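Quick notes on the structure that follows.
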Amino acid sequence: MDLDLQPDDVTLDDLEAPPVTRTAPQPPVVPTGEPAAKDARSEMLEDYSLRYAPTTYRKWSSLMVGNTALGGIAYLADFAIGGSLVVTFGFTNALWAILLAATVIFLTSFPIAFYSAKYSIDMDLITRGAGFGYYGGSVTSLIYASFTIIFFALEGSIMAQGLKLGFGLPLWLGYFVSAIMIPPLVVFGMSLLSKLQAWTQPIWLVGMFLPFIVIAFAEPETYSEWTHYGGVDGMGFSFIAMGAGAGVALSLIAQIGEQVDYLRFMPTKTKENATAWWVAVIAAGPGWVILGALKQLGGAFLAFYVIGEVGNAKAVEPVEQFFAGFDEFLPYTLALGVAVFFVVLSQVKINVTNAYSGSLRWTNVFSTVFKWYPGRVYFVFFNVGIALVLMEADMFSFLNDLLAFYSNVAIAWIGAVVADLVINKPLLKTSPSFIEFKRAHLRNFNPVGFGAMGVASVVSIVAYFGAFGETLDAWSPFLAITIAMVLSPVLSIVTKGKYYLARTPTVDPAARSTVQVQCSVCAEHYEMPDVAHCPFHSGAICSLCCTLESSCKSVCKTEPQPEVTGFALPMAGSQAP
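Counting in UniProt numbering, the sequence shown runs from 1 upward without gaps.
Laid out in C-alpha cells, this is it:
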C-alpha cells in the first residue's frame, strides 16, 4: 500500500467535485448520543479533544507550546522512583537501570512527538492510524487513562506527604485536598495551563537544583560516598537487578502521550520557524526523559543523603528529601516551609497535566464506544475521582510492584505504535504514509498494531510472574517491546496492509488546508483534515459528529460507494446543498 501523499500537491482546485443534485437546505441533524450541550462545543473548554487541532486554534508559539509541555515534567515521582531504586538495588544497578530506560524512552518518543506536531493530533488519534484501528485505539485509551490515574494518585500522595509534614494534615485529608484543588485549573485547558506553566517554571527550576548545588559545596564527599552505596542489602552489580530497575523506570514510557497532548498545538512548520519548531518538538517530546532521568538520579542521591536520619521508608519520600536539602542552608522552620511549597507547586504542575490528559482519554473511550459526549470537563472530575480512591487505598506503599506490572502493557502499546511509524510506513510501505484518524475511513480493528500489542503484553506479563525464569521476569518489559516491534512489521506484511483503511479518504489526508467546510450535522465549520464525506447524511461530516453517530451502521464502509475525487461540500459561508 503506497499512499505517499504530499501536502504541497493539494490545491483548492483539488476540492472541485463532479456536479451533484442540489436539494433544499435541511436543518442540522443531531447525531444519536449527541447531547448538544453548549460547553461541548466550546473551543476553550474542549481544547479540540478527540479531533484535529485546527490552524485557527493553534495560536501559540513553538516556545510557548514546548514550555507548557515541559511544565508537566515538574513531577516528583521521579525522585520517589530513583530513591526506591537506589535503596532496593544500590547505586550501580540504579544508575544503569535509569540510563537504559531513558535511552529506550527517548528513541520511542521521538517519532510519536514528530507525528503529533506534524498532524496536530493526540496520542489516541495517532494510535488509531498506526496499526490499531478505530476501536483498537479506544482500548489503548483505557491503558493510557490508567496511566494518568496511577500517576495522578502517585503525585497526589506525594503532595499529601508534604501537607502532613508541613501542616500536620492526616494523609486521608491530604489526599482529598490534593485532588480537589486540581479540576478548577484544568477546566479551561491549554488557554490556562500555558500561563500556569510559564509563570511557575522559573521558581520550580530554582527549587529543584538549589539543594544539590548547596550540598556540593557544603558536603562534596557525599557524592563520592553515594557512588559506593549498595542499597539496603549491600548489592553489587546484578544483571537481574538492573533489568528489574529498568522495568520500574520504563513505566514512564507512556508519558510521551501527555507530552503530545500539548505538542498537537504546535504551529505549522515553515521555513521561518523551522529551527524553533524542531527545538520545541525534540525538547518537549523525547527530551522530557533527559530531565526525567536527571531527577531520578537526584532522587537516588537525596534518598542516600537522608536515609541515615529518616530510615528506608521515608528516604524515598520527596518531601523528606527536599526538606533535608533545604535544611542544609536555611533555618529549620523556613526550610520546612520552602520544602512543602516546592512539593505542592511541583505536584500541581504535573497533576493538572495528568487530569487534562486523562479527560481526553475518557472522552475518547465514551465517545467511540458508547456514543456519549458530555464534554471533556465532566471527565476531568471522573478521572480525579478514581485517582482519589487509589490514593485512599495507599498505592504509594506498593509503588514498585504496580509500576513494574504496568510497564509491561504500556511498553507493548508504545512499541507497536513506534514500529508502525518507523518501519511499516516509511520502509515497508505497508501502512499509509499519513495518519488517518477518522471513523469514516478506518477499520474497527487492525490486527497489525492491536495484535502485536496483545501478544507482547500477554507474553511479557506471563514472564513477569516468573513462568520463564528469574531473568525474563526482571526483563519482561524489554521482552514486550521486542515482541511488539518485531510482530508489527510481520503482521503488516502478512495482511498486506489491507486493515488500515476501510475506504480511500475523500481528500488527501496529508493536506493541511485551512479551508473550512460546514458539517451537515452540527452546522459548524471545520478545517478539511477534520471532515469526511458522509453518504448517510449526504454531505460533509466532522470527525466528532461521525464518532457520535450510531444510526448509520457505518454504511460508508459496508456498502460500495461511488468514487469521490473531491469535496462536493459547503464551504464556510456557503449554503448547504
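Glycine included, every Cβ here is placed at the ideal spot set by N, Cα and C.
Since the structure is predicted, the reported quantities are computational estimates derived from the model, not experimental observations.
Query raised in the report: Leaving out five residues before and five after SER457 in sequence, what residues of the same chain have Cβ atoms less than 7 Å from its Cβ?
Result: Here the set comprises ASN408, VAL409, ALA412 and ALA480.
Requested in this report: Would you check if the distance between the CB atom of LEU442 and the CB atom of TYR134 is smaller than 8 Å?
Outcome: yes
**Report entry** Assumed close pair SER109, VAL289 - CB separation to whole angstroms, cut-off 8 Å
**Finding:** 7 Å
Query raised in the report: Over what stretch of residues does the alpha helix (DSSP H) that includes GLN481 continue unbroken?
Result: Checking the sequence, you will find Ile at residue 481 rather than Gln. From DSSP, the alpha helix (DSSP H) with ILE481 extends over 476 to 494.
Query raised in the report: Per DSSP, what kind of secondary structure is GLY469 in: helix, strand or coil?
Result: coil
Query raised in the report: With respect to the beta strand (DSSP E) encompassing CYS534, which residues constitute its N-terminal and C-terminal limits?
Result: 531 to 534
Query raised in the report: Excluding five sequence neighbours on each side, which residues of the same chain lie with their C-beta closer than 6 Å to the C-beta of ARG439?
Result: TYR134, CYS546 and THR547
Query raised in the report: To the nearest angstrom, how far is it from the Cα of ILE350 to the Cα of ALA280?
Result: 19 Å
Report task. Could you check which residue in PHE176, THR270 and LEU165 has the C-alpha nearest to that of VAL340? Result -> LEU165
Query raised in the report: Taking only runs of the alpha helix (DSSP H) that begin and end inside the stretch 419 to 467, which ones reach a length of at least 4 residues, in chain order?
Result: Runs found: 447 to 464.
Query raised in the report: The alpha helix (DSSP H) with CYS522 in it runs from where to where?
Result: Segment: none, CYS522 is in no alpha helix (DSSP H) and carries neither H nor E.
Query - DSSP state of VAL517 mapped onto helix, strand, coil - result: strand
**Report entry** Cut-off 6 Å between Cβ atoms - residues of its own chain near GLN26, not counting five sequence neighbours on either side
**Finding:** With a pLDDT of only 41 at GLN26, under the threshold of 50, the placement of this residue in the model should not be trusted; the figure read from the coordinates follows. The answer is none, since no qualifying residue turns up.
Query raised in the report: By how many angstroms is the C-alpha of MET235 removed from the C-alpha of HIS228?
Result: 10 Å
Report task. Taking only the alpha-carbon atoms, compute the straight-line gap between residue 602 and LEU390 and give it to the nearest angstrom. Result -> Lying outside 1 to 577, the shown extent of the chain, residue 602 is not represented and no answer is given.
Report task. Could you pull out every residue in the same chain whose Cβ sits closer than 6 Å to the Cβ of ILE73, ignoring the five residues on either side in sequence? Result -> TRP288 and LEU291
Query raised in the report: Out of THR127, ILE112, MET242 and ILE180, which has the shortest C-alpha to C-alpha gap to GLY82?
Result: That would be MET242, whose Cα lies nearest to the Cα of GLY82.
Requested in this report: Give a yes or no on contact between the stretch 244 to 264 and the stretch 467 to 480, applying the rule of three or more CB pairs nearer than 8 Å.
Outcome: yes
Query raised in the report: Exposed or buried, SER551, counting other C-beta atoms within 10 Å across all chains shown (16 or more means buried)?
Result: By the neighbour-count rule (16 or more Cβ atoms within 10 Å), SER551 is not buried but exposed.
Query raised in the report: Is it right to say THR558 is buried, meaning 16 or more other beta carbons lie within 10 angstroms of its own, or is it exposed?
Result: exposed
Query raised in the report: What separation, rounded to the nearest whole angstrom, lies between the Cα atoms of LEU252 and GLY299?
Result: 16 Å
Query raised in the report: If you draw a straight line from the C-alpha of GLY385 to the C-alpha of ALA452, how long is it?
Result: 32 Å
Query raised in the report: When DSSP labels each residue in this structure, what does ALA393 get in the three-state scheme?
Result: coil
Query raised in the report: Quick one: what's got a C-beta closer than 6 Å to PHE556's C-beta in the same chain, skipping five residues either side?
Result: According to the sequence as given, residue 556 is Cys; it is not Phe. Once the five neighbours on either side are set aside, the close Cβ partners of CYS556 are ALA440 and PRO535.
Query - Stretch pair the stretch 120 to 134 + the stretch 301 to 319: three plus CB contacts closer than 8 Å - result: Here the stretch 120 to 134 does not lie against the stretch 301 to 319, with fewer than 3 beta-carbon pairs under 8 Å apart.
Query raised in the report: To which residues does DSSP link LEU501 through a beta bridge?
Result: Paired residue(s): LEU442.
Query - One or two residues paired with GLY539 in a DSSP bridge - result: CYS534
Report task. Out of GLN201, ASN446, TYR526 and GLY466, state which residue places its alpha-carbon closest to the alpha-carbon of LYS496. Result -> Comparing Cα positions, the closest option is ASN446.
Requested in this report: Determine the direct distance from the alpha carbon of ASN354 to that of residue 614, and round the result to whole angstroms.
Outcome: With the chain covering only 1 through 577, there is no way to say anything about residue 614.
**Report entry** Among ILE213, ASN424, TYR406 and ALA254, the one whose alpha carbon lies nearest that of LEU491
**Finding:** ASN424
Query raised in the report: Which residues in the same chain as ILE541 place their Cβ atom closer than 8 Å to its Cβ, once the five residues preceding and following it in sequence are excluded?
Result: Setting aside the 5 residues that flank it on each side, ILE541 is surrounded in the same chain by ALA440, CYS519, SER520, VAL521, VAL531, ALA532, HIS533, CYS534 and GLU549, each with a C-beta closer than 8 Å to its C-beta; the list follows chain order.
Query raised in the report: By DSSP, does GLU527 sit in helix, in strand, or in coil?
Result: strand
Query - Buried or exposed by the 16-neighbour rule on C-beta atoms within 10 Å, applied to ASP261 - result: buried
Query raised in the report: Taking THR127 as the reference, which of ILE493, TYR526, ILE435 and GLU527 has the closest Cα?
Result: ILE435
Requested in this report: Note the first and the last residue of the continuous alpha helix (DSSP H) segment covering ARG361.
Outcome: 332 to 370
**Report entry** Nearest neighbour of ALA284, chosen from GLY71, LEU544 and ARG503 [CA to CA]
**Finding:** GLY71
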